[in-house]
Amino acid sequence: MTQSFRLYASALHPRQWIAWSDATGWVQFPTEDNGWELRKSARGLDPVHLRAMPLREAANTGIPTEPLSLGSQRRRAA
18 MTQSFRLYAS ALHPRQWIAW SDATGWVQFP TEDNGWELRK SARGLDPVHL RAMPLREAAN
78 TGIPTEPLSL GSQRRRAA
């Protein structure tokens with residue numbers, strides 16, 4: 018089974034992307050080039066402040082565009 022990412026912009030964290038998948042859970046990472054490498058676990062998010070965004074908006078960050086396999090080892094956010 019595979020699950021692709023869902024991407025969100027946060028009104029409270031304008032320089033961070035928020036993403037979710039079954040494989041990673043909630044993570045946040047900088048909107049900058051290669052920001053995905055600096056991702057960390059996201060906690061305490063208020064859905065009122067999140068807005069769904071197309072995944073292509075974060076293409077410069079290095080976020081995986083292919084679905085991750087849930088059968089593979091779960092990678093912990095840094």
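Residue numbers for the sequence shown follow our numbering, so the first one is 18 and each next one is one higher.
The C-beta atom is built at its ideal place from N, Cα and C for all residues, glycine as well.
Subject >> F46 beta carbon less than 8 Å from that of R5 >> reply: This structure cannot speak to residue 5, because the chain is shown only from 18 to 95.
Original post:
Is S89 helix, strand or coil by DSSP?
Top reply: With a pLDDT of only 46 at S89, under 50, the local geometry of the prediction cannot be trusted, and the value read off the model is given with reservation. S89: coil per DSSP, three-state reduction.
Subject >> DSSP beta-bridge partners of S38 >> reply: G42
Original post:
From this set, E49, V65, L67, P64, which residue's C-alpha is nearest G79's C-alpha?
Top reply: E49
**OP:** Taking all protein chains shown into account, decide if L29 is buried (16 or more other Cβ within 10 angstroms of its Cβ) or exposed.
**Re:** exposed
Original post:
Cα-Cα, which of R68, N51, S21, P64 is closest to D39?
Top reply: Closest by alpha carbon: S21.
Original post:
Cα-Cα, which of N51, T82, S58 is closest to V44?
Top reply: S58
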